[in-house]
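K.L.:
Numbering (my numbering), first residue to last: 39 to 103.
(1) In angstroms, rounded to a whole number, what distance separates the CA positions of residue 74 and residue 99?
(2) Measuring CB to CB, does residue 67 end up less than 9 angstroms from residue 90?
(3) Quick one: is residue 92 buried, meaning 16 or more other Cβ sit within 10 Å of its Cβ, or exposed?
(4) Going by CA-CA distance only, name the one from 101, 95, 82 and 103 that's closest to residue 42.
(5) Rounded to whole angstroms, what's the CA-CA distance from residue 102 to residue 52? Just pull it up for me.
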């Protein structure tokens, strides 16, 4: 999903180190990004947040089926 949002590979590798399949509040997610991806630019940060939101929506839809 991050590739579709043009997030560079170096950030994919960092994101893989973060907890997966965990539900976070918006503030918890922002804190994680601030802590572990502090050098992530504003545009890529927005793309990461969009990808997380889409993945959450898709996951919710799949669980309803």
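For glycine and all other residues, C-beta sits at the position ideal for the given N, C-alpha and C. Just so you know, these numbers come straight off a predicted model, no measurement behind them.
P.N.:
Working from what's here:
(1) Here residue 74 corresponds to residue number 36 of the chain shown, with the count starting at 1. Here residue 99 corresponds to residue number 61 of the chain shown, with the count starting at 1. When only Cα atoms are considered, residue 74 and residue 99 end up about 29 angstroms apart.
(2) As a first step, residue 67 is located in the chain shown; it is residue number 29 there, counting from the start. As a first step, residue 90 is located in the chain shown; it is residue number 52 there, counting from the start. A distance below 9 angstroms separates the beta carbons of residue 67 and residue 90.
(3) Translated into positions along the chain shown, residue 92 becomes position 54. The residue is exposed, with fewer than 16 neighbouring Cβ atoms inside 10 Å.
(4) Locating residue 42 in the chain shown gives position 4, counting from the first residue. Just measuring C-alpha positions, the residue of 101, 95, 82 and 103 sitting nearest residue 42 is 82.
(5) The count along the chain shown starts at 1 and reaches residue 102 at position 64. The count along the chain shown starts at 1 and reaches residue 52 at position 14. The alpha-carbon separation between residue 102 and residue 52 amounts to approximately 31 angstroms.
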